[in-house]
Amino acid sequence: MVARGEPVIKVRDLKVDFASRRVLNGVDLDLKRGEILGFVGASGAGKSVLTRTIIGLLPFREGTIEVLGTDLGKASLKERQAVDRRWGVLFQQGALFSSLTSGKNVEFPIREYLRLSPKLTTEIAISKLEMVGLKPDVYRNYPSELSGGMIKRVALARALALDPEILFLDEPTSGLDPISAAEFDHLLLTLQETLGISVFMVTHDLDSLHRTCDRIAVLGDGKIIEAGTMEVVQASQHPWLKSYFHGERAHSDFHVPIKGRRVTERRA
Amino acid sequence: MTAGTLQHGPSQGDGLDLTAAGTWTAEHARSLEPLIDAATRGHDKFSRIVFDATRITQLDTYGAWLIERTLRVWTSRGAEARLVGLPATYGNLFQKVRTGKQALTPLKHKPTGPIATLESVGRTMVAVTSDLTTIFQMAGQLVMAFLSVCAHPWRFRFTSLINHLERVCWHAVPIIILITFLIGAIIAQQGIFHFRTFGADIYVVDMVGVLVLRELGVLIVCIMIAGRSGSAYTAELGSMKMREEVDALRTMGFDPIEVLVLPRILALIIAVPILTFIGCMAALYGGGLVSWLYGGIDPKIFMSRLHESINMKTFAVGMIKAPFMALIIGLVACMEGMQVKGSAESLGAKTTDSVVKSIFLVIVIDGLFAVFFAAVGI
Chain A
45 MVARGEPVIK
55 VRDLKVDFAS
65 RRVLNGVDLD
75 LKRGEILGFV
85 GASGAGKSVL
95 TRTIIGLLPF
105 REGTIEVLGT
115 DLGKASLKER
125 QAVDRRWGVL
135 FQQGALFSSL
145 TSGKNVEFPI
155 REYLRLSPKL
165 TTEIAISKLE
175 MVGLKPDVYR
185 NYPSELSGGM
195 IKRVALARAL
205 ALDPEILFLD
215 EPTSGLDPIS
225 AAEFDHLLLT
235 LQETLGISVF
245 MVTHDLDSLH
255 RTCDRIAVLG
265 DGKIIEAGTM
275 EVVQASQHPW
285 LKSYFHGERA
295 HSDFHVPIKG
305 RRVTERRA
Chain B
33 MTAGTLQHGP
43 SQGDGLDLTA
53 AGTWTAEHAR
63 SLEPLIDAAT
73 RGHDKFSRIV
83 FDATRITQLD
93 TYGAWLIERT
103 LRVWTSRGAE
113 ARLVGLPATY
123 GNLFQKVRTG
133 KQALTPLKHK
143 PTGPIATLES
153 VGRTMVAVTS
163 DLTTIFQMAG
173 QLVMAFLSVC
183 AHPWRFRFTS
193 LINHLERVCW
203 HAVPIIILIT
213 FLIGAIIAQQ
223 GIFHFRTFGA
233 DIYVVDMVGV
243 LVLRELGVLI
253 VCIMIAGRSG
263 SAYTAELGSM
273 KMREEVDALR
283 TMGFDPIEVL
293 VLPRILALII
303 AVPILTFIGC
313 MAALYGGGLV
323 SWLYGGIDPK
333 IFMSRLHESI
343 NMKTFAVGMI
353 KAPFMALIIG
363 LVACMEGMQV
373 KGSAESLGAK
383 TTDSVVKSIF
393 LVIVIDGLFA
403 VFFAAVGI
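Protein chains in written order, with my numbering: chain A, 45 to 312; chain B, 33 to 410.
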């Protein structure tokens, strides 16, 4: 077990090429245990590329990615699978298997990896669905019968199925109405508090960043241009960040409490 | 990390002490479940249960659920179950698991027996009827779209038609030639082999000529096209339906039948006769080649015999069927495509249905034509 605050993901000098074009040029990034890291950057800056590289869907040219103490560049298939079990990924569109019911979607990794009795498997799946705020009856619904918000929740339940230590979220609140998005953020915070997961969240949603993230990393020109708490990132002089936080749509700081600030207020 | 354990303490009267220790996590859930089962089975006499979790070193939702399940089993039996000594760090986690209700509404029991069988037969018949209705509907919409395009010719998607023609006609030529060539060769070989016993080798030419031109050429081509292009149409339209592209067209004021279905079906109606002609020629060539090499029938004799045995009518009978079969393949393929629902499974099922139904209907139509031609004496 790694102590709280230790990095669970360590990315060093990562370089990724995409059809002879360098997309990531020396990325250094840490995800610390128990934190929610918000990951922002302009569209096309390579956020998805970095996420997909870390979770192993894209090959990388140079550098190292260390997840939970395993160097993914050198890991054998078996070591890799061991790491796969310890993270959960929530894709932007949910990526639920459309031929399985929600319940079977959640059960899928449990059945493959843990080989529990069918009764326990079902109980755990229902318990996960309830944990993400769904009614148990959703168990029998097919993804095509669910609303966008419900699909995200089922996908989150599936990502949480094996009690992962790291959770990757790809724009979890995109396509949700502001109320559902706020609910989702709240859910994420409770889950992170109760389960102690480290969360890597790609997002564009300023409200969501304010509400949930302990730290924010900003990607631009193939590098991390800024990383730190909300205050640090907001104070940055980088032109993209300035327009991001102080531009037309950056109204958020007026009505959404910053997570860190809220916590200090509560303590005081 | 060693698996968690569960020990039964000394029982005092109607009380039972359970002491859990070690790692209660997902990896060990498999070995923990039997322990839980053993602790709840065959102890009906107890009415006070104390579950001591002080020595649990690691807990996740799996372990928490197993503990919660134990407590629930006892509570449902009317016993008083208590959890003591849960490490404070896991308090939130346990509460989160505990709030779950786990209550699924019971499924309605599916009826079995003769009534259920009758019911399913009935449902199938209704489905067949509704399928037929949908085909006629689709045909009607197609005619409407065709007429409206005739009235406003500039609205016709000519580029789309050419694109589909390239895919269903031009790209299908090699495989059609290969298959029909082989079929022609095989028929000729079999004919020669059997006709030879009563010295009627030469009649092989009649057989190959009539069979290929009247029936086999068009049938083989249609079956190939149903499998090759019909399935592609269904899959294309189906995935467009799934991604709401069809709805997008509709909201922009376009008729999906006119934009998507009409060019596809017209392309088929043009392509299938062309392919049938090519296929017939390839089959005759294959038959002639085998007759020469295997049966020793000289190509000149083959040609002159062919002239005697077939006429324009034989050829026309085969060709006239081609556009009708193309129409039915296209209609079935597009109808199935438009019926695809949200899931990947439904796309697969509809594509299969499309191929099976269009091959079936092609053969049915061939039979109807045979009856018709017999009645008019061709």
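We treat Cβ as the ideally placed atom computed from N, Cα and C, and that holds for glycine.
The structure displayed is predicted, hence computed values, not measured ones.
Rounded separation between residue i and residue j - CA only
i, j, result
"residue 386 of chain B", "residue 368 of chain B", "6 Å"
"residue 317 of chain A", "residue 71 of chain B", "For chain A, the structure presents residues 45 to 312; residue 317 of chain A sits outside this window and is missing."
"residue 305 of chain A", "residue 267 of chain A", "Its pLDDT being 48, under 50, residue 305 of chain A is placed unreliably in this model, and the value from its coordinates should be taken loosely. Roughly 28 Å between the two C-alpha positions."
"residue 295 of chain B", "residue 102 of chain A", "40 Å"
"residue 271 of chain B", "residue 240 of chain A", "40 Å"
"residue 401 of chain B", "residue 254 of chain B", "15 Å"
"residue 108 of chain A", "residue 97 of chain A", "11 Å"
"residue 145 of chain B", "residue 381 of chain B", "27 Å"
"residue 21 of chain B", "residue 141 of chain A", "No statement about residue 21 of chain B is possible, as the shown extent of chain B runs from 33 to 410 and does not include it."
"residue 339 of chain B", "residue 229 of chain B", "25 Å"
"residue 46 of chain B", "residue 85 of chain B", "20 Å"
"residue 142 of chain B", "residue 120 of chain A", "48 Å"
"residue 256 of chain B", "residue 168 of chain A", "49 Å"
"residue 379 of chain B", "residue 366 of chain B", "12 Å"
"residue 326 of chain B", "residue 319 of chain B", "10 Å"
"residue 107 of chain B", "residue 61 of chain B", "22 Å"
"residue 371 of chain B", "residue 281 of chain B", "16 Å"
"residue 133 of chain A", "residue 153 of chain B", "45 Å"
"residue 51 of chain A", "residue 231 of chain A", "24 Å"
7 Å CB neighbourhood of residue i in its chain, flanking five on each side removed
i, result
"residue 95 of chain A", "212, 214 and 246"
"residue 54 of chain A", "74 and 110"
"residue 356 of chain B", "397"
"residue 243 of chain B", "219"
Close Cβ partners of residue i (< 6 Å) along its chain, the five nearest in sequence each way excluded
i, result
"residue 186 of chain A", "145"
"residue 64 of chain B", "36 and 98"
"residue 383 of chain B", "263, 266 and 267"
"residue 219 of chain A", "192"
"residue 238 of chain B", "341"
"residue 68 of chain B", "98 and 102"
Residue i: first and last residue of the uninterrupted alpha helix (DSSP H) it sits in
i, result
"residue 340 of chain B", "331-341"
"residue 401 of chain B", "376-408"
"residue 344 of chain B", "344-370"
"residue 242 of chain A", "Looking at the DSSP string, residue 242 of chain A is not in any alpha helix (DSSP H); the run it does join, the beta strand (DSSP E), is 242-246."
Cutoff 8 Å: residue i Cβ touching any chain B Cβ
i, result
"residue 239 of chain A", "yes"
"residue 143 of chain A", "yes"
"residue 175 of chain A", "yes"
"residue 124 of chain A", "no"
"residue 180 of chain A", "yes"
"residue 207 of chain A", "yes"
"residue 159 of chain A", "yes"
"residue 127 of chain A", "no"
"residue 50 of chain A", "no"
"residue 171 of chain A", "yes"
"residue 310 of chain A", "Confidence in residue 310 of chain A is poor, its pLDDT being 39 and thus under 50, which makes the residue's placement too unreliable to answer from."
"residue 191 of chain A", "no"
"residue 197 of chain A", "no"
"residue 242 of chain A", "no"
Min CB distance residue i to chain A below 8 Å
i, result
"residue 166 of chain B", "no"
"residue 382 of chain B", "no"
"residue 63 of chain B", "no"
"residue 247 of chain B", "no"
"residue 101 of chain B", "yes"
"residue 371 of chain B", "no"
Residue i classed as buried or exposed, judged by whether at least 16 other C-beta atoms fall within 10 angstroms
i, result
"residue 343 of chain B", "exposed"
"residue 100 of chain B", "buried"
"residue 403 of chain B", "exposed"
"residue 149 of chain B", "exposed"
"residue 198 of chain B", "exposed"
"residue 147 of chain A", "buried"
"residue 281 of chain A", "exposed"
"residue 203 of chain A", "buried"
"residue 123 of chain B", "exposed"
"residue 131 of chain A", "buried"
Residue i, enclosing beta strand (DSSP E) - first and last residue
i, result
"residue 39 of chain B", "37-40"
"residue 179 of chain B", "Counting along the chain, residue 179 of chain B falls outside any beta strand (DSSP E), though it belongs to the alpha helix (DSSP H) covering 146-183."
"residue 53 of chain B", "47-56"
"residue 124 of chain B", "It is not in any beta strand (DSSP E) - residue 124 of chain B instead sits in the alpha helix (DSSP H) that spans 123-130."
Contact set for residue i: own chain, Cβ-Cβ below 8 Å, skip 5 residues either direction
i, result
"residue 184 of chain A", "145, 146 and 147"
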